[in-house]
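Peer 1: Sharing a structure, written as structure tokens. Questions coming.
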Amino acid sequence: MLIVEMILVVGVFSIISEIFIFDPLIFNKFRRQAVIIPSLLMLFMIGGLLTYGLNFWSILIIAMTIFRLFNMLRIRKSRMHYDYLLSSTRSTSLALIAAQLLITGLYIFYAREVSPHVSRTGVVESLILLQLIFSFVLLVSCYRNIRKTKPLLLKSNVNDSQLPTLSICIPARNETGDLEDCLAEIVAIDYPKLEIIVLDDCSQGKYTSDTIKSFAHSGVRFIPGVPPKKHWLAKNWAYSQLLQEASGEYILFCGVDVRFSADSLRKIMQLLLQKDKSMMSIMPDYNDAKFQIRLIQAMRYFWELAPPRRYFNRPPVLSTCWVCKTDDLKKIGGFNAATRTIVPESFFARTFVKKDKYSFMRSNGQLGVRDFKKLSEQRNTFIRVRYPQLHKKPQLVFILSFMELILWVAPFILLFIGLDVLRTGDLFWDLNAVTCVLLITSYIVVTISAFGKKYLVTSLVFPVAIVVDVVLMHVSMYEYEMSVVSWKSRNVCIPTMHFTPSPSRN
Numbered sequence: 000m001l002i003v004e005m006i007l008v009v010g011v012f013s014i015i016s017e018i019f020i021f022d023p024l025i026f027n028k029f030r031r032q033a034v035i036i037p038s039l040l041m042l043f044m045i046g047g048l049l050t051y052g053l054n055f056w057s058i059l060i061i062a063m064t065i066f067r068l069f070n071m072l073r074i075r076k077s078r079m080h081y082d083y084l085l086s087s088t089r090s091t092s093l094a095l096i097a098a099q100l101l102i103t104g105l106y107i108f109y110a111r112e113v114s115p116h117v118s119r120t121g122v123v124e125s126l127i128l129l130q131l132i133f134s135f136v137l138l139v140s141c142y143r144n145i146r147k148t149k150p151l152l153l154k155s156n157v158n159d160s161q162l163p164t165l166s167i168c169i170p171a172r173n174e175t176g177d178l179e180d181c182l183a184e185i186v187a188i189d190y191p192k193l194e195i196i197v198l199d200d201c202s203q204g205k206y207t208s209d210t211i212k213s214f215a216h217s218g219v220r221f222i223p224g225v226p227p228k229k230h231w232l233a234k235n236w237a238y239s240q241l242l243q244e245a246s247g248e249y250i251l252f253c254g255v256d257v258r259f260s261a262d263s264l265r266k267i268m269q270l271l272l273q274k275d276k277s278m279m280s281i282m283p284d285y286n287d288a289k290f291q292i293r294l295i296q297a298m299r300y301f302w303e304l305a306p307p308r309r310y311f312n313r314p315p316v317l318s319t320c321w322v323c324k325t326d327d328l329k330k331i332g333g334f335n336a337a338t339r340t341i342v343p344e345s346f347f348a349r350t351f352v353k354k355d356k357y358s359f360m361r362s363n364g365q366l367g368v369r370d371f372k373k374l375s376e377q378r379n380t381f382i383r384v385r386y387p388q389l390h391k392k393p394q395l396v397f398i399l400s401f402m403e404l405i406l407w408v409a410p411f412i413l414l415f416i417g418l419d420v421l422r423t424g425d426l427f428w429d430l431n432a433v434t435c436v437l438l439i440t441s442y443i444v445v446t447i448s449a450f451g452k453k454y455l456v457t458s459l460v461f462p463v464a465i466v467v468d469v470v471l472m473h474v475s476m477y478e479y480e481m482s483v484v485s486w487k488s489r490n491v492c493i494p495t496m497h498f499t500p501s502p503s504r505n
């Protein structure tokens, strides 16, 4: 018990010294030096817990302490502007300290139970029931979302005179052969009122601009990009320039890795008019995706399609291909309203869904929209969007990682080791097995909807996909906070994280 008491004393002093840092006078002048004391105390606390012995509670406390250490490192590095650094790190510290005090209290309570074996069994059984309820709700939500996002049968063909004018806009920077392949398919589209605009976003070298200009005879309009304004994300600034140049009643944004069939745009616009929406985001087909791409991309789709997002005003959205009514987009502020938002489409979708003017559709082999993004680009996209989606808060990374591992990975671990090890009955083993089946079924539904039935085997690696998701989530957090996250060779950390740029980070 002496070790436990020492750990508690050290933990209390680490909390006091950590809170002491956020005094305005100390934080302003001595924050880099002040973090040393709480950091050393936290390291001593981790060492004490490892010496005392590991269990569920101690592992959880150690994990929280590591996140508190990471927050101290953020202060030590001081890459952000002062006001943002103070508010961000302080809120993270207070949230993690409060959670750690709660967990420590529960740890002490269960450690002092007269019958710790009974309490441990009760916790496991309660957790199994929670996992079962959550997996059932997830499957119902997934089935409902998959059904709602399937393209409707078009009631009638719309003649050319009834179709609205459409501007398809593509930002391009330092592109490869994908740009030529993309434009070759777009100019072959039979949409009658189509304007094609490609912006050369200050590319290095002449390949990108020369490729765009080579399609001028096919109606492709070349726009020379202007360097982004201060506090603007480069991609959002490129979109804003394209929006100002577009003359169509509707505007469609996509990347150079997107491909369209000859009648794709006609079907998309007919569907948009039939549903009477102002904005639609389209999930492309990945019929030829490699296993590694399916592992990363399927989890990204899983997050968009499985949870009941609409109940939290967070509709599913993808930046791959989306179309919006031009006037409505300008009325809500255009990209001026989302200068630093990593996924500006999500901001627009949340605005339109309140008026029931937003829809998310899967191409599903009917709309003819395909994506050929490479594995490295899929990984980079995941890292670029994941941490900002969690509001750039380490505490949310911790909470989400904990939930994923406890609710989605733990059932498979319990199934593997056998619940008899934890002294639970056969009934709870059966309930745990049902949970695993429900989780895999949800993942199968999403995987098949994205990649087709021939990739059914991919769905069986759901626990692996979750672990990869958790790892990449932490990589995203680390690179945003401590390294560099780039989009088209531009550092997006400076506007997104309110960093003070230095010559090494430009």
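First residue of the sequence shown? That's 0 in numbering that gives the first Met the number 0, and the numbers climb one at a time after it.
For each residue, glycine too, the CB sits at the ideal point set by N, CA and C.
Rounded to the nearest angstrom, what separates Ile60 and Glu174 at their Cα positions?
Peer 2: Answer to the nearest angstrom: the Cα atoms are 47 Å apart.
Peer 1: Just to confirm my understanding: we take Ile188, look at its own chain, exclude 5 residues before and 5 after, and list those with CB closer than 7 Å. What are they?
Peer 2: Result list for Ile188: Phe259, Ala261, Ser263, Leu264, in chain order.
Peer 1: Straight-line CA distance for Glu376 to Ser485?
Peer 2: Approximately 11 Å between the Cα atoms of the pair.
Peer 1: Grab me the residues of Ile18's own chain with a C-beta within less than 6 Å of its C-beta, minus the 5 sequence neighbours each way, in chain order.
Peer 2: Once the five neighbours on either side are set aside, Ile18 has no close Cβ partner at all.
Peer 1: One question on the structure: do Ser358 and Cys141 come within less than 8 Å of each other, judged by their Cβ atoms?
Peer 2: No; because the gap between Cβ atoms is not below 8 Å, this pair is not in contact.
Peer 1: In terms of residue numbering, what span does the beta strand (DSSP E) encompassing Tyr357 cover?
Peer 2: Looking at the DSSP string, the run of the beta strand (DSSP E) that includes Tyr357 is 357-361.
Peer 1: Identify which residue in Thr91, Pro227, Leu182 has its Cα closest to the Cα of Ser202.
Peer 2: Taking only the C-alpha atoms, the option nearest Ser202 is Pro227.
Peer 1: DSSP has Cys168 in a bridge; who is on the other side?
Peer 2: DSSP lists Ile196, Phe252 as partners of Cys168.
Peer 1: Anyone know if the C-beta pair for Phe21 and Arg89 falls short of 8 Å?
Peer 2: In contact: Phe21 and Arg89 (Cβ atoms closer than 8 Å).
Peer 1: From the DSSP output, read off the bridge partner residues of Cys320.
Peer 2: Its beta-bridge partners are Cys253.
Peer 1: Since Leu317 and Met282 should fall inside the 8 Å C-beta cutoff, what is the C-beta to C-beta distance between them, to a whole number of angstroms?
Peer 2: Yes, they are in contact, since the Cβ atoms of Leu317 and Met282 sit about 6 Å apart, within 8 Å.
Peer 1: Going by alpha carbons, who is nearest to Asn70 out of Cys253, Val396, Gln365, Leu100?
Peer 2: Comparing Cα positions, the closest option is Val396.
Peer 1: Please name the residue in Asn158, Asp200, Cys253 whose C-alpha comes closest to that of Ser488.
Peer 2: With distances taken between Cα atoms, Ser488 lies closest to Asp200.
Peer 1: Measuring straight from C-alpha to C-alpha, what distance separates Cys181 and Leu251?
Peer 2: Distance between the alpha carbons of Cys181 and Leu251 is about 14 Å.
Peer 1: With three or more beta-carbon pairs closer than 8 Å as the criterion, would you say the stretch 223-239 touches the stretch 297-307?
Peer 2: These segments do not touch.
Peer 1: Is the separation between the beta-carbon of Ile295 and that of Arg378 shorter than 8 Å?
Peer 2: Taking 8 Å as the Cβ cut-off, Ile295 and Arg378 qualify as a contacting pair.
Peer 1: Would the stretch 400-416 count as touching the stretch 126-137 if we require 3 or more Cβ pairs under 8 Å?
Peer 2: Touching, per the Cβ criterion.
Peer 1: Using a Cβ-Cβ cutoff of less than 6 Å, which residues in the same chain neighbour Val117 once the five nearest sequence positions on both sides are dropped?
Peer 2: Note that Val117 has pLDDT 48, beneath the 50 cutoff, so the model's placement of it is unreliable and the number below is only indicative. None.
Peer 1: Checking 8 Å against the spacing of the C-beta atoms, do Trp321 and Ser280 come in under that value?
Peer 2: Yes, they are a contact pair.
Peer 1: Please work out which residues of its chain come closer than 8 Å, Cβ to Cβ, to Leu471, disregarding the five sequence neighbours upstream and downstream, and give them in chain order.
Peer 2: Only Ile295, Arg378, Phe381, Ile382, Arg385 meet the Cβ criterion.
Peer 1: Report the three-state DSSP secondary structure of Asp22 (helix, strand or coil).
Peer 2: Three-state DSSP puts Asp22 in coil, outside helix and strand.
Peer 1: When you compare the CB positions of Gln269 and Val157, do they come within less than 8 Å of one another, or not?
Peer 2: Contact: yes.
Peer 1: Return the residue from the list Ile102, Arg73, Ser246, Val122 that minimises the CA-CA distance to Met565.
Peer 2: This structure gives no information on residue 565, because the portion of the chain shown stretches from 0 to 505.
Peer 1: Can you tell me whether Thr446 is buried or exposed? The criterion is at least 16 other CB atoms within 10 Å of its CB, across all chains shown.
Peer 2: Under this definition Thr446 is a buried residue.
Peer 1: Suppose contacts are defined by Cβ-Cβ distances below 8 Å. Is Ile127 in contact with Phe427 by that definition?
Peer 2: Contact flag set, yes.
Peer 1: Do the stretch 1-11 and the stretch 22-36 make contact, defined as three or more Cβ pairs closer than 8 Å?
Peer 2: Verdict: no, contact absent.
Peer 1: Might you give, ordered along the chain, the residues of its own chain that have their beta carbon closer than 8 Å to the beta carbon of Met63, omitting 5 neighbours on each side?
Peer 2: So the qualifying residues of the chain are Leu95, Ala98, Gln99, Ile102, Phe397.
Peer 1: Classify Asp518: buried if its beta carbon has 16 or more other beta carbons within 10 angstroms, exposed otherwise.
Peer 2: Look at the range of the chain in this structure, 0 to 505, and you will see that residue 518 is not part of it.
Peer 1: Would the beta-carbon of Ile145 fall within 8 Å of that of Ile167?
Peer 2: For Ile145 and Ile167, no; Cβs fall outside 8 Å.
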